[in-house]
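Presented below is the structure to which this report refers.
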Amino acid sequence: MNNKKTGLVLSYGYTFINMLSGIFLSSFILRSLGDFEYGLYQAISSFVNYLVILEFGTGTVMSRDLLLARKSADEKKLKCVTSTMFWVTVILAGVIVILGIVFYYLIPSIYHVTIPTNKIPYSQKMFVIMIAYLVISFFSQTVTGMFLGNEDYNIGNILKIICLLVRVILIVVIISHYKYSIMIALIDMVLSLIFLIFELIYTRKRYIVSYKLKYFSSVILKKSLPLCVALLLQTIINQANGSVDKVVISIKMSMESVAHYSVAAYVCNMFNSLLTIPIAMYLPQVSKNI
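Next up, the structure:
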């Protein structure tokens, strides 16, 4: 119970730090880079976020299935759960890369009005980095699902807080010297990769896991599909609310308009995250009572 209470406090702590840092960084980046550069970053980021719908909630499914498997204390079943969700993530990552290649070549035709021709290659480079970051994030969400699945409520939030603080420091220092929004994308990608490596090492040492294909279970996958579909629908709705508007503005209006809208939208939406914290923290208890 203390572990859960501490985890809840850390979750709210992370959320408040994220809110404050988001407000600070939005203002800092906008002043440092200018309206166009910041708007370009937001536009490409929103374009990439269309592919987030493929995430399928693998982290949430991992948490639930691990909790159910731990009831039986069957080591092989635990390995089957982690292996199945990991290889589902590998497949989804492959799909993202393929679609990313298609989207990459669509950027010039989609943004031919609002992005100058000489900025198109720069935008495509930023897009590639963001796709890499998205793929890494997919794996990270799957792996961190093991934290809640093993009722380890603290480590995930501690890592998020550390990553957030390091990100803020790096962005302030680097953007002060290199005033290009692509640096933000690069920072996010490198940081996420470093923390993913740590998460993989941590989970291998602390929990019963396996990423071997021989433990892949079609039975577990079939049982997980209803929840995956439900989470997919939720993700589609969330992305429609959070990305479509920026993409439309970036195509039809200007990057400067995207920059101004993004700051206002962030302030408006950041409070919604407060409502979802208890849901994640009490998932293990709900799963136990099923």
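Take 35 as the starting number for the sequence shown in our numbering and just add one per residue.
Cβ atoms here follow ideal geometry from the backbone N, Cα and C, with glycine treated the same way.
These numbers come from a predicted model, not from an experiment.
Cβ pair residue i, residue j closer than 7 angstroms
{"i": "residue 148", "j": "residue 53", "result": "no"}
{"i": "residue 292", "j": "residue 285", "result": "no"}
{"i": "residue 249", "j": "residue 153", "result": "no"}
{"i": "residue 191", "j": "residue 45", "result": "yes"}
{"i": "residue 210", "j": "residue 71", "result": "no"}
{"i": "residue 325", "j": "residue 158", "result": "Because the chain in this structure spans residues 35 to 324, residue 325 falls outside the shown range and cannot be described."}
{"i": "residue 160", "j": "residue 77", "result": "no"}
Whole-number beta carbon distance between residue j and residue i, since they are thought to touch under 8 angstroms
{"i": "residue 4", "j": "residue 135", "result": "Past the boundaries of the shown model lies residue 4; the chain is included only from 35 to 324, so the question cannot be answered."}
{"i": "residue 195", "j": "residue 295", "result": "Rounded, the Cβ-Cβ distance is 29 angstroms, inconsistent with contact."}
{"i": "residue 67", "j": "residue 213", "result": "6 angstroms"}
{"i": "residue 198", "j": "residue 51", "result": "6 angstroms"}
Same chain only: Cβ atoms within 7 angstroms of residue i, ignoring 5 sequence neighbours per side
{"i": "residue 244", "result": "113, 116, 117"}
{"i": "residue 184", "result": "100, 241"}
{"i": "residue 133", "result": "85"}
{"i": "residue 181", "result": "189, 190"}
Close-in-space but distant-in-sequence residues of the same chain around residue i (CB under 6 angstroms, 5 per side omitted)
{"i": "residue 255", "result": "118"}
{"i": "residue 202", "result": "55"}
{"i": "residue 29", "result": "Residue coverage of the chain in this structure runs from 35 to 324, which leaves residue 29 outside it and unanswerable."}
{"i": "residue 73", "result": "289, 290, 292, 293"}
{"i": "residue 258", "result": "95"}
{"i": "residue 261", "result": "95"}
{"i": "residue 40", "result": "188"}
{"i": "residue 323", "result": "Unreliable placement is indicated for residue 323, whose pLDDT of 48 sits below 50; no coordinate value is reported for it."}
{"i": "residue 179", "result": "93, 96, 97"}
{"i": "residue 263", "result": "none"}
Cut-off 8 angstroms between Cβ atoms - residues of its own chain near residue i, not counting five sequence neighbours on either side
{"i": "residue 247", "result": "117, 121"}
{"i": "residue 270", "result": "87"}
{"i": "residue 328", "result": "Here the chain comprises residues numbered 35 to 324, so residue 328 is not present and cannot be evaluated."}
{"i": "residue 221", "result": "201, 204, 205, 208"}
{"i": "residue 321", "result": "Below a pLDDT of 50, predicted positions are generally treated as unreliable, and residue 321, at 47, falls in that range; the measurement from the model is reported next regardless. Correct list, in chain order: 97, 98, 101, 102."}
{"i": "residue 130", "result": "85, 88, 165, 168, 169, 172"}
{"i": "residue 174", "result": "226, 229, 230, 233"}
Near the ligand SAH: residue i beta-carbon under 6 angstroms from a heavy atom
{"i": "residue 236", "result": "What this structure holds is no ligand at all, so the ligand SAH is not there to describe."}
Quick test of the definition: if touching needs 3 or more C-beta pairs under 8 angstroms, does the segment 84-91 touch the segment 224-231? no
How about the segment 55-69 and the segment 186-206: do they share at least three Cβ pairs that are nearer than 8 angstroms? yes
So does the segment 159-178 actually touch the segment 71-86, counting three or more Cβ pairs closer than 8 angstroms? yes
What are the start and end residues of each continuous alpha helix (DSSP H) run of 4 or more residues lying completely inside the segment 92-156, in chain order? 92-106, 109-144
Below 8 angstroms, can you find three or more Cβ-Cβ pairs linking the segment 123-143 to the segment 97-110? no
Is the segment 233-240 touching the segment 90-100, taking contact as three or more C-beta pairs under 8 angstroms? no
For a minimum of 4 consecutive residues, which ranges assigned as the alpha helix (DSSP H) are wholly contained in the segment 219-260? none
Please list the segments of the alpha helix (DSSP H) lying wholly inside the segment 148-211, counting only runs of 4 or more residues, in order along the chain. 154-183, 189-211
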